[in-house]
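In the working numbering, each number is its position in the sequence shown, counted from 1, plus 4.
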Amino acid sequence: LEFLETLYDRPPAVVSQANFRAVKQGQSTGFHVDSVYMGTRMGPEVLTCWIPVMDIPASLGGLAVLRGSNSLPGFANVRATYGKLDLDDGDIGGSGWFTEDPAEVARFGGRWETS
């Protein structure tokens with residue numbers, strides 16, 4: 005927590021909220037922004053993390069992050085529209101994913117990385 009206090013220049017507020025997500029082998033979770041699941045009431049400075057509860061072999065895939073999607077100009081419209089949604093506010097429906105096609109978001113810039 006000391007790191008977060010340094011990062012935000014104030015003591016962090018820890019929110020205990022577990023979102024478990026499991027998919028079958030050969031399936032994946034679509035590209036999404038965590039904030040659409042956290043709700044706009046949490047504010048723009050929410051920091052989320054992915055913690056696997058078991059070893060994840062490369063054959064099953066792991067977390068993939070599109071580096072730069074939080075800051076590159078090519079993603080500005082995505083952040084200003086989709087990124088501002090709150091799935092708990094109203095009847096938006098669907099999975100909350102922006103897309104299931106990695107190429108659709110990669111065209112905005114950035115680089116796919118995995119752990």
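Yeah, the Cβ is synthetic: ideal placement off N, Cα and C, and Gly gets one too. A quick note: this is a predicted structure, and the numbers were derived from the prediction, not measured.
Checklist entry - Considering Arg-83, what are the terminal residues of the beta strand (DSSP E) in which it resides? => result On the sequence shown, residue 83 is found 79 positions in, with the first residue counted as 1. Looking at the DSSP string, Arg-83 is not in any beta strand (DSSP E); the run it does join, the alpha helix (DSSP H), is 80–84.
Checklist entry - Are Glu-117 and Val-69 close, meaning C-beta to C-beta below 8 Å? => result By one-based count along the sequence shown, residue 117 stands at place 113. By one-based count along the sequence shown, residue 69 stands at place 65. Taking 8 Å as the Cβ cut-off, Glu-117 and Val-69 qualify as a contacting pair.
Next on the checklist: Let me check one thing: in DSSP terms, what residues is Glu-117 bridge-paired to?
Outcome noted: Looking up residue 117 in the sequence shown gives position 113. Val-69, per the DSSP bridge assignment.
Item to check | Exposed unless 16 or more other CB atoms sit within 10 angstroms - verdict on Ser-73 | outcome: In the sequence shown, the residue the question calls residue 73 occupies position 69. That one is buried.
Checklist entry - Among Gly-30, Ala-84, Tyr-41, Ala-107, which residue has its Cα nearest to the Cα of Gly-97? => result Along the sequence shown, read from residue 1 onward, the residue named residue 97 stands at position 93. Nearest of Gly-30, Ala-84, Tyr-41, Ala-107 to Gly-97, Cα basis: Tyr-41.
Next on the checklist: Let me make sure I understand the geometry here. Which of Glu-104, Ala-80, Asp-90 has the alpha-carbon closest to that of Ser-39?
Outcome noted: Working through the sequence shown from its first residue, we reach residue 39 at position 35. Taking only the C-alpha atoms, the option nearest Ser-39 is Asp-90.
Checklist entry - Considering only the beta carbon of each residue, do Gln-31 and Leu-64 sit closer than 8 Å? => result The count along the sequence shown starts at 1 and reaches residue 31 at position 27. The count along the sequence shown starts at 1 and reaches residue 64 at position 60. No, Cβ-Cβ distance for Gln-31 and Leu-64 is not below 8 Å.
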